[in-house]
Amino acid sequence: MASNAPGEPGTASGASPRARLEQAWDACLPSRVRVVEVGPRDGLQNLDRFVPTNVKIALINRLARLGFDRIEAVSFVHPRAVPQMRDAEAIMDSVERGHARLIGLVPNAHGTRRALACGMDGLNFVVSASERFNQTNLRQPIAESMASLAESIALASAAGVPMRLTISTAFGCPYEGFVDPEAVLAIAEAGAELGCHEICLGDTTGMANPRQVFHLFCDLRDRIGSAEPAVHLHNTRGSGAANLVAALQAGVTVFDASIGGLGGCPYAPGATGNVCTEDMVHMLQEMGIETGIDLAALIDTARRVEHNLGVDLPGQVMRAGIACALSSLPESNALDPSPAG
1 MASNAPGEPG TASGASPRAR LEQAWDACLP SRVRVVEVGP RDGLQNLDRF VPTNVKIALI
61 NRLARLGFDR IEAVSFVHPR AVPQMRDAEA IMDSVERGHA RLIGLVPNAH GTRRALACGM
121 DGLNFVVSAS ERFNQTNLRQ PIAESMASLA ESIALASAAG VPMRLTISTA FGCPYEGFVD
181 PEAVLAIAEA GAELGCHEIC LGDTTGMANP RQVFHLFCDL RDRIGSAEPA VHLHNTRGSG
241 AANLVAALQA GVTVFDASIG GLGGCPYAPG ATGNVCTEDM VHMLQEMGIE TGIDLAALID
301 TARRVEHNLG VDLPGQVMRA GIACALSSLP ESNALDPSPA G
């Protein structure tokens, strides 16, 4: 008969219920994930004033040295649609290369040509799962966006540049409410068949819940072949961290995040609160999941961004500090409310 710790009666398999739960938890979590920093694009695009080009370049250069695999640096949308992104070419002319892969968001074939001319390392094409949101954001029905995606993939493939498809409003629409999961999966399947290397589901207005995230990603895996799943979460309603864990449990290992929690979609009412990069990296590292990112330098960067932009950012760790560092402080200092420095 198996020997068990006090309070942990054995089972027929010899493992205690607690041990089996721990094994199940550990088995569904990856050892390493990739974090895609979207602050320079998605974070800045919604600000009500233009951020100088040299400030954007400095931010991208600083982030690129922190260990990110990819940074979404710019957007090749029409300047009238998102004025903040009107300097995409100027940024790419001067930004440092070679530290991280620099990605550009493209809305159509014209944007794709602009991006390729800048030598982008990868492209991100966005289509909404909601007809009304797609009309509001891209000024065209979903069918036209998918035709434009096919043309853009052909251009990118000829240049040897990978294309990600991001499906916005995948978990709910601010105009239509419920979004049929099958509509999301059909777009994802079509994108994978066209040649997208990665399919990202976007929680554009923070409407997702963990159960929904887990089940949709489980279904997604059966529809996208060799394409890799990714997720772009918002923390608009405080569910960002819980939804992140649900995505981890569903096998997702690519996560978008924005420095300091900066940003939101200009066409999505109330879509504040991208998931904060340093909060995400901190939680993942506390869980024993590697990111390859220098957390201390990332937190310092978030504080600099907040100061330089003159905005109050929603990030938590840049105020509270790294948990393991706090736990190692002498008791007299651990709860000292006096400001640092």
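If you count the sequence shown from 1, position 36 lands on 36 in this note's numbering, and the numbers rise without skipping.
Glycine included, C-beta positions come from ideal geometry on N, C-alpha and C.
Would you list, in sequence order, the uninterrupted alpha helix (DSSP H) runs of no fewer than 4 residues that lie entirely inside the stretch 148 to 226?
-> List check, alpha helix (DSSP H) in window: 181 to 194 and 210 to 221.
Sort 113, 99, 314 and 27 by Cα distance to residue 260 and report the nearest one.
-> Closest by C-alpha distance to residue 260, out of 113, 99, 314 and 27, is 314.
Would the C-beta of residue 138 count as close to the ligand FMN, meaning under 6 Å from any of its heavy atoms?
-> Annotation note on the ligand FMN: not contained in the displayed structure, which lists no ligands.
Contact check, residue 254 vs residue 34, beta carbons under 7 Å = Cβ atoms of residue 254 and residue 34: closer than 7 Å.
Per DSSP, cross-strand counterpart(s) of residue 37 = 71 and 257, per the DSSP bridge assignment.
Comparing alpha-carbon positions, which option in 228, 227 and 277 lies nearest residue 234?
-> Residue 277 is the option with its Cα nearest to residue 234.
Let me know if residue 45 comes out buried or exposed under the rule of 16 or more other beta-carbons within 10 Å of its beta-carbon.
-> When all chains shown are included, residue 45 counts as buried.
Rounded to whole angstroms, what's the CA-CA distance from residue 95 to residue 321? Just pull it up for me.
-> A direct Cα-Cα distance of roughly 30 Å separates residue 95 from residue 321.
Between which two residues does the beta strand (DSSP E) harbouring residue 126 extend?
-> Run containing residue 126: 122 to 128, per the beta strand (DSSP E) assignment.
Find out if the Cβ-Cβ distance for the pair residue 64, residue 99 is shorter than 7 Å.
-> The answer is yes: Cβ separation under 7 Å.
Please state whether DSSP places residue 17 in a helix, a strand or coil.
-> Three-state result, residue 17: helix.
Could you tell me which residues DSSP pairs with residue 54 in its beta bridges?
-> The partner list for residue 54 (beta bridge, DSSP) is empty, contrary to what the question assumes.
Which residues bound the beta strand (DSSP E) around residue 313?
-> Unbroken run through residue 313: none, as it is neither H nor E.
Just the Cα atoms here: how many angstroms apart are residue 91 and residue 308?
-> Computed Cα separation, rounded: 18 Å.
Compare the Cα-Cα distances from residue 122 to each of 133, 78, 84 and 69 and report the closest residue.
-> Closest in alpha carbon position to residue 122, among 133, 78, 84 and 69, is 69.
Assign residue 41 to buried or exposed, taking buried as 16 or more other Cβ atoms, counted over all protein chains shown, within 10 Å of its Cβ.
-> By the neighbour-count rule (16 or more Cβ atoms within 10 Å), residue 41 is buried.
State the beta-bridge partners of residue 244 as determined by DSSP.
-> In the DSSP assignment, residue 244 forms no beta bridge with any residue.
Return the chain-ordered ranges of every beta strand (DSSP E) run that is complete within the stretch 72 to 108 and spans a minimum of 3 residues.
-> Every unbroken stretch of the beta strand (DSSP E) spanning 3 or more residues and falling wholly within the stretch 72 to 108 is given here in chain order: 101 to 106.
State buried or exposed for residue 108, treating a residue as buried only when at least 16 other CB atoms are found within 10 Å of its CB.
-> Residue 108 comes out buried.
Helix, strand or coil for residue 339 per DSSP?
-> For residue 339, the predicted structure reports a pLDDT of 41, less than 50, and the residue's modelled location is therefore unreliable. A value from the coordinates is still provided. Residue 339: coil per DSSP, three-state reduction.
Assigned secondary structure, residue 324 (DSSP; H/G/I helix, E/B strand, else coil) | The answer is helix: DSSP assigns residue 324 an H, G or I state.
By how many angstroms is the C-alpha of residue 300 removed from the C-alpha of residue 59?
-> Using only the alpha carbons, I get a separation of about 12 Å.
Give the single residue among 38, 240, 130 and 118 whose Cα lies nearest to the Cα of residue 180.
-> The residue with the shortest Cα to Cα distance from residue 180 is 130.
Residue range of the unbroken alpha helix (DSSP H) whose run includes residue 281 = Here the alpha helix (DSSP H) through residue 281 covers 277 to 286.
Got a sec? Which residues, its chain only, sit under 6 Å from residue 29 by beta carbon, not counting five neighbours each side?
-> By the criterion of a C-beta distance shorter than 6 Å, residue 29 is surrounded in its chain by 248, once the five residues flanking it on both sides are discounted.
Work out the CA separation of residue 231 and residue 220 for me, nearest whole Å.
-> Roughly 12 Å separates the two Cα atoms.
For residue 336, collect the residues of the same chain with a Cβ closer than 6 Å to its Cβ; drop the 5 residues on either side in sequence, then sort them by chain order.
-> Residue confidence is low: residue 336 scores 40 on pLDDT, short of 50, so the model does not pin down where it sits. Its coordinate-derived value is still stated next. Excluding residues within five positions, none has a Cβ falling inside 6 Å.
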